[in-house]
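In the numbering used here, the protein residues as written are 45 to 117.
Below is one structure, written out as structure tokens; comments come after it.
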């Protein structure tokens, strides 16, 4: 019974964390919770453009200019 209880506690904690994370995505993207939940159900890899369109990043940075090797950074 102890192991089953531990598994149940862990599952409840995971669900609680998912709700908190989804709430942050709603707050920062302005998207409805249903869309966030659907998109976060599975791993999803996005291009920088897709991430910007989704609202999880503000802007896409260009690569910094290259410097000579002997220059101090």
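Note that beta-carbon positions come from the ideal geometry of N, C-alpha and C, so glycine has one too.
Asked, Found
"Cα-Cα separation, residue 90 to residue 79", "16 Å"
"Residue 92, DSSP secondary structure in three states", "helix"
"Residue 99 - DSSP class collapsed to helix/strand/coil", "coil"
"Residue 68, DSSP secondary structure in three states", "helix"
"Opening and closing residue of the alpha helix (DSSP H) in which residue 78 lies", "77 to 84"
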